Structure formats: C-alpha cells, structure tokens
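Residue 193 in full-length UniProt numbering sits at position 193 of the sequence shown, and the numbers go up by one each step. Glycine included, C-beta positions come from ideal geometry on N, C-alpha and C. On a predicted model such as this, the values are computed, not experimentally measured, just so you know.
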Amino acid sequence: MAEQREDVDGETWDDWVDDGSSTTFDCVFCASKFPAEEPLHAHLQETHDFSLRREISTRKLDTYGTIQLVNFLRWNTLDGVSADQVKQTLATEGNAAFQKDEFLKPVVADDPLLYCLDCDSSDDEDEGNPDEEQKSEKAGDDVADLIAKLQLENQELKQQMTKYSKLVRDFVVDGESSAPVEDAADNDTYYFDSYSQVGIHREMITDRVRTDGYRNAIINNPQVFKDKVVLDVGCGTGILSMFAAQAGAAKVIGIDRSEMGDVAREIVAANGFSDVITILRGKVEEIELPVDKVDIIVSEWMATVFYMNLCWTLCCSRVTSG
Numbered sequence: 001m002a003e004q005r006e007d008v009d010g011e012t013w014d015d016w017v018d019d020g021s022s023t024t025f026d027c028v029f030c031a032s033k034f035p036a037e038e039p040l041h042a043h044l045q046e047t048h049d050f051s052l053r054r055e056i057s058t059r060k061l062d063t064y065g066t067i068q069l070v071n072f073l074r075w076n077t078l079d080g081v082s083a084d085q086v087k088q089t090l091a092t093e094g095n096a097a098f099q100k101d102e103f104l105k106p107v108v109a110d111d112p113l114l115y116c117l118d119c120d121s122s123d124d125e126d127e128g129n130p131d132e133e134q135k136s137e138k139a140g141d142d143v144a145d146l147i148a149k150l151q152l153e154n155q156e157l158k159q160q161m162t163k164y165s166k167l168v169r170d171f172v173v174d175g176e177s178s179a180p181v182e183d184a185a186d187n188d189t190y191y192f193d194s195y196s197q198v199g200i201h202r203e204m205i206t207d208r209v210r211t212d213g214y215r216n217a218i219i220n221n222p223q224v225f226k227d228k229v230v231l232d233v234g235c236g237t238g239i240l241s242m243f244a245a246q247a248g249a250a251k252v253i254g255i256d257r258s259e260m261g262d263v264a265r266e267i268v269a270a271n272g273f274s275d276v277i278t279i280l281r282g283k284v285e286e287i288e289l290p291v292d293k294v295d296i297i298v299s300e301w302m303a304t305v306f307y308m309n310l311c312w313t314l315c316c317s318r319v320t321s322g
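Next up, the structure:
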C-alpha cells in the first residue's frame, strides 16, 4: 500500500504534486508573493487599491490585451515606477498605454497570473453579464425591428409602383395609342400622343416644387373651392382634380385628350373620388360639359400656355363653361 505509483518515465505522483505546490503569484506592484491567485487579488485591492479583474472587464480586454496589461504593470514596477504613477498613466492614456507589441513578451518567465487571468476571462465571456446581455439583445431586437419595418415599407412601395405601372400599361403600350385617331391629319395628334406616355407625367409629379406648389395653392384655400364646380383642363393623371376634391369642391370635371384620361379615371376610382370627380376624354373645344357652367378652372398650364398654344384652349374653356 505504501508502494508509490510510477509512470513510464519513473516519475511518481508525489513528484507532480511537489512541482505544482511551488507555483507562486507575484504582485504586479511590489515584491509580495502568494501561493494562489485569490490572495494576490485581495492584496492588490487592499494594499494598492487596484482590481486587476475589474480593469480587464471595464476595458473589455481579450486574451492579448490581458497579457499586455499584466506585462505593462510588471515592466513599470521593474523600472521603478510607483503603483500610483502607473494607475495615473492608465487613467490618462487608456488602453493605448499598454496595447503595444513589446508587452506581448512575458516580463516574468512562466508567469502563472497570465494563464489564470486568461481562464478567468474565458469564464466571464462564457457566463456573461446578464444586464449587458439583455441590453445587447434589446439593441439587436430594435435593429431587427427597424430593418423589418423598412423592408415592409419598401415592399409596399414596390407593390404600389407595380400596381401603378400595370394600370398605366393597360392603357398605354409602348407609347402608342390603342384607340384609332379619327383625324389622322390633326396637327394636335403628336402633342396629345406625347402625353399618353407615363414618363412625362412621372417627371411632373415627382417635381416636388411644382407639385407641392399646386397642392398648397389648392388645399390651403378651401374657402375658394368649397361647394364649387371645378374644371381641370388637361387633367393628365388627375392629380389637380383630386386636390380640388380634397379642398371641398362639390364637383370636379377633368378633361384630357390623351389616353392618360383613361388612366386618370382609374386613379380617381382607386382613391375614392369617383362620386366627386368625372373624367372626360376629348378636347375642351369639342367636348360638351355635363354642367351649364363651372366656378373654377385649374390647369397645369403655366409652362405651356403659349408654347403649346394652350392660351386658346383656356379661352374656349371660359366660353364653353359659361
């Protein structure tokens, strides 16, 4: 029973125990030595008012950063720098004071503190801080929610654009008129056909200054439009007609000679204004209005009143509408 167990190299179990018991932990600030890690940390706190574990945690150091910090402390102690001066340097310069390649080399050969702190760091990482984990999870959830919300809005916008494009394509294919033009020699044909294409209307509507200008002029003056009959000359997509309806007009008549008039009728219906807005296809000079007279005429005519000979059309509008 007293016989000692030997391994293949002739070493005994007692040899291993004796070797392990000789490990000492040197203080990073003075010549004190300790047989285990915990007494060292207690000494650092009580004697030097310094917590090595707290420094590692607060500074969020990984394995390399921990090694650099310990070697930085030991190097300064060997160089005769006081603990207070070292702590002041850490407070002033932060991690930059020790995160240098030169401090990756151990100051004390086989320093057991390096290995123990590395294990402590790994354990801390595994266990984690519940509060920090909750904050991280909440932040992650907030970001995920924001991304999901933006993706949903983007999808809705895509669906709206697809629906609008399909609506337009149903009436306008490759910019060509699907309805025969009765008078092929009509000099106005090219002009009206050009307004049958989606591009020119998209350009006008997305002109923020232009569209907002018309919108504000109409929406912000409900006393002018309330219970009035409005004529929208060259209504295009019907956007001014809908502004007028929103401003309180009793009835709005939109007229457009191009195929966009059919598109406007669909847009008006989709926005719930069919009971107020009536869209007619044709030229003002030739069409018969469903009312004897109108109270207000609106038109996106400012840039084309003379260039596109719209002045004559407006004059006819006044005569036609009484």
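Flag residue i as yes if its beta-carbon sits less than 9 Å from any beta-carbon of chain C, otherwise no.
{"i": "Asp275", "result": "Protein chains in the displayed structure number just one, and chain C is not present."}
How would you call residue i, buried or exposed, if buried means at least 16 neighbouring beta carbons within 10 angstroms?
{"i": "Ala247", "result": "buried"}
{"i": "Tyr235", "result": "Note on identity: in this sequence residue 235 is Cys, with Tyr being the wrong assignment. Cys235 should be labelled buried."}
{"i": "Arg54", "result": "exposed"}
{"i": "Gly94", "result": "exposed"}
{"i": "Gly261", "result": "buried"}
{"i": "Asn76", "result": "buried"}
{"i": "Val284", "result": "buried"}
{"i": "Glu38", "result": "exposed"}
{"i": "Ser51", "result": "exposed"}
{"i": "Ala109", "result": "exposed"}
{"i": "Thr71", "result": "With the sequence shown as reference, residue 71 is identified as Asn, and Thr is not the correct amino acid for it. Asn71 should be labelled buried."}
{"i": "Val143", "result": "exposed"}
{"i": "Cys315", "result": "exposed"}
{"i": "Gly238", "result": "buried"}
{"i": "Thr47", "result": "exposed"}
{"i": "Gln88", "result": "exposed"}
{"i": "Ala42", "result": "exposed"}
{"i": "Ala244", "result": "buried"}
{"i": "Ala264", "result": "buried"}
{"i": "Ala36", "result": "exposed"}
{"i": "Ala249", "result": "buried"}
From the DSSP output, which residues share a beta bridge with residue i?
{"i": "Asp26", "result": "Lys33"}
{"i": "Ile297", "result": "Leu231"}
Does residue i come out as helix, strand or coil in the three-state DSSP assignment?
{"i": "Leu150", "result": "helix"}
{"i": "Glu176", "result": "Low local confidence applies: a pLDDT of 47 at Glu176 is under 50, so the model's placement there is unreliable, with the coordinate-based value given in what follows. Here Glu176 sits in strand by DSSP."}
{"i": "Leu61", "result": "coil"}
{"i": "Asp79", "result": "coil"}
{"i": "Gln99", "result": "coil"}
{"i": "Val143", "result": "helix"}
{"i": "Thr66", "result": "helix"}
{"i": "Ser51", "result": "coil"}
{"i": "Pro106", "result": "coil"}
{"i": "Val291", "result": "coil"}
{"i": "Lys87", "result": "helix"}
{"i": "Asp111", "result": "coil"}
{"i": "Thr92", "result": "helix"}
{"i": "Asn220", "result": "coil"}
{"i": "Gly238", "result": "coil"}
Exercise. When the Cβ atoms of the region 98-106 are set against those of the region 144-151, are three or more pairs found closer than 8 Å?
Worked result: With contact defined as three or more Cβ pairs closer than 8 Å, the region 98-106 and the region 144-151 are not in contact.
Problem set entry | Secondary structure, beta strand (DSSP E): runs of 3+ residues fully inside the region 244-285 | 251-256, 277-281
Problem set entry | Any 3 or more C-beta pairs closer than 8 Å across the region 274-289 and the region 208-222 | Look at the beta carbons and you see the region 274-289 not touching the region 208-222: under three pairs across the two are nearer than 8 Å.
Exercise. If we count Cβ pairs, one from each stretch, closer than 8 Å, do we get three or more for the region 27-45 versus the region 72-86?
Worked result: yes
For this session: Indicate whether the contact test is met: 3 or more Cβ pairs, each with one atom in the region 289-296 and one in the region 257-273, closer than 8 Å.
Result: Touching, no.
Exercise. Is it a yes or a no for the region 252-261 touching the region 218-234, going by three-plus beta-carbon pairs under 8 Å?
Worked result: The region 252-261 makes contact with the region 218-234, as at least three CB pairs between them are under 8 Å.
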